[in-house]
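Residue numbers (this note's numbering): 26 to 466.
All C-beta atoms in this analysis are idealised placements derived from N, C-alpha and C, irrespective of residue type, glycine included.
Here is the structure we will look at, set down as structure tokens.
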């Protein structure tokens, strides 16, 4: 059995005058719904009324086909949900003296409540609709099985509504019936296994050849047009919803046969294919969304060139206050890089769960950490001067980005112009140790 989530009630439909609920009994059954037919959506309403007449009047073995015909007609929204519910309520009112038809109508309403769109169920659970169903119940003999099942259906509708379930049930027939008196799948009419397979085949036929689904998958795999893939996804998702709805409908019917194990039927295989197609589409769209997010984050840093500005400042100053300002700027940049890298990791994990983890900001984080360390070292020697700052940047910060030639050039420039200052600060041994460092690299 399936679990069902209570529906939210919608606004109450327009009130129907008492005269429109009462029909002349000498009129042919086809004309019972003339007020509806003449008012709006004439052909669709008329066709729905005819299907209802056949569903409650045909022999049991064919009733399931008319049940399904009404279900698909209602799902197609040829008739608004309000009118769909009204058709059935009025038929209940008119058929009050024919308990057998009432029983079939209750089964039809129960089936649609389980397997039609939420608009129909919402309308059915409105307080005005419940009152009309109770009116039909009052006209029935309380001892009949039809009256008992209608009372059970009313109680089911009330209990499924968040708003109506909080108010007391004010009719004895409804209050005394137990919820376990009937099952949610008790609407399934008597039918043979042959009838079931005929019904299943008729439902499968509307989806066409299964190769169409394979073609969708192939088209998506070969396409790099994101807009086309997004459109394809909405179409595939719609097919998935229809397959799931039809699958639940057939499953509830199969449960009534008490067969321990059913073979995997074609609808299930089609649903598996559709879900694989959706998975493929989601991977493609997820990868594109992740790449777009990655570009956005990386470009944010490359456009502002914050790190280069910090390096440029500390390369030309030995002022402690200025270095402290750049130190704070580097700290702030470092923190933002950490946070954005975490955001990108989460984004990739959600949209591309099978992709290898990556950190597109890793290089920038490494450079920022190196710059951060260089500033700390410079602040420890506040009297080393601008030229020393330049030397420290060339040897400690930018060594990974410069070529060996650039490094030697920078080192020679410092030696030639500032040999006396270097000798004064750290002694002649400095030159020897730095040359040794150069040959080591």
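Residue 93 counts as buried, since no fewer than 16 other beta carbons sit within 10 angstroms of its beta carbon. Its chain contains 338 as the residues whose beta carbon lies nearer than 7 Å to that of residue 347, once the 5 sequence neighbours on both sides are disregarded; these appear in chain order. Residue 301: member of the alpha helix (DSSP H) spanning 291 to 329, first to last residue.
Residue environment analysis places residue 363 among the exposed positions, since fewer than 16 neighbouring C-beta atoms fall within 10 angstroms of its C-beta. Looking from the CA of residue 128, the closest CA among 374, 178, 102, 306 belongs to 178. Around the Cβ of residue 164, a 10 Å sphere holds fewer than 16 other Cβ atoms; the residue is exposed. Residue 189 and residue 216 do not touch by the CB rule: their CB atoms are close to 33 Å apart, not below 8 Å. In this structure, the beta-carbon distance from residue 114 to residue 157 falls below 8 Å. The criterion of a C-beta distance shorter than 8 Å is satisfied by residue 384 and residue 366.
Less than 8 Å divides the Cβ of residue 133 from the Cβ of residue 81. Taking a 10 Å sphere around the C-beta of residue 218, we find fewer than 16 other C-beta atoms and assign the residue as exposed. DSSP places residue 154 in the uninterrupted alpha helix (DSSP H) bounded by 152 to 164. Cα atoms of residue 100 and residue 322: separation of roughly 45 Å, rounded to the nearest angstrom. In the three-state DSSP reduction, residue 186 falls in the strand class (E or B).
Inter-segment contact for the stretch 265 to 280 and the stretch 329 to 343 is absent: fewer than three beta-carbon pairs are separated by less than 8 Å. Relative to the Cα of residue 182, the nearest Cα in the group 343, 147, 265 belongs to 147. Between residue 335 and residue 355 the beta-carbon gap is near 6 Å, inside 8 Å, which marks them as a contact. Residue environment analysis places residue 74 among the buried positions, since at least 16 neighbouring C-beta atoms fall within 10 angstroms of its C-beta.
Note on residue 102: under 16 other CB atoms within 10 angstroms of its CB, so exposed under the neighbour-count rule. Given a length threshold of 4 residues, each whole run of the alpha helix (DSSP H) inside the stretch 335 to 400 is given here in chain order: 345 to 376. For residue 326, the CB contacts under 7 Å within the same chain, skipping 5 residues up- and downstream, are 389 in chain order. CA-CA distance, residue 351 to residue 375, rounds to 36 Å. When DSSP states are grouped into helix, strand and coil, residue 177 belongs to the helix group. The beta-carbon distance between residue 206 and residue 154, rounded to whole angstroms, is 21 Å. This is too long to meet the 8 Å contact definition. By the criterion of a C-beta distance shorter than 6 Å, residue 220 is surrounded in its chain by 86, once the five residues flanking it on both sides are discounted. The criterion of a C-beta distance shorter than 8 Å is satisfied by residue 261 and residue 306.
CA-to-CA, the gap between residue 343 and residue 357 works out to about 21 Å. In this chain, the alpha helix (DSSP H) harbouring residue 132 covers 124 to 140.
Shown here for residue 370: same chain residues with a beta carbon closer than 8 Å to its own, the five before and five after excluded, namely 382, 384 in chain order.
CA-CA distance, residue 294 to residue 308, rounds to 21 Å.
Around the Cβ of residue 315, a 10 Å sphere holds 16 or more other Cβ atoms; the residue is buried.
The beta carbons of residue 251 and residue 196 sit no closer together than 8 Å. Counting along the chain, no alpha helix (DSSP H) covers residue 202, and no H or E run does either. In this structure residue 131 touches residue 171 by the C-beta definition: roughly 7 Å separates them, less than 8 Å.
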